Amino acid sequence: MEPEEIRARLATLRLEHRDLDSAIASLGETAAPDQLQLARLKKRKLRLKDEIALFEDQLIPDIIA
């Protein structure tokens, strides 16, 4: 993947991560949140975080000390 493609993918993933943050917060504020849905959203958010870290690592060159 080219650096521009990686940056574009990162922007998409970060946006989805923020959207999940909002969805989780909204769901948590309800009187009786759906625990299964909440758990699924949190799991998806963690997967996105891992994927974001993977792409960020691809953009940062390895520096041999």
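In this note's numbering, the protein residues as written are 4 to 68. Built from N, CA and C at the ideal position, the CB exists for glycine as well. From a predicted model like this one, the values you see are computed outputs, not experimental measurements.
Legend entry - Leu-2 burial status per 10 Å Cβ neighbour count (16 or more: buried): With the chain covering only 4 through 68, there is no way to say anything about residue 2.
Legend entry - Outcome for Leu-51 when other beta-carbon atoms lying within 10 angstroms are tallied against a minimum of 16: Classification for Leu-51: buried.
Legend entry - For Thr-33, three-class secondary structure by DSSP: In the structure shown, Thr-33 sits in coil (DSSP, three-state: anything other than H, G, I, E or B).
Legend entry - Stretch pair the stretch 53-65 + the stretch 26-43: three plus CB contacts closer than 8 Å: The count of Cβ pairs closer than 8 Å, one atom from the stretch 53-65 and one from the stretch 26-43, stays below three, leaving the stretches out of contact.
Inset, instruction - Given a cut-off of 8 Å, decide if Glu-54 and Leu-16 are closer than it, judged by their beta-carbon atoms. - result: Yes, these two residues count as a Cβ contact at 8 Å.
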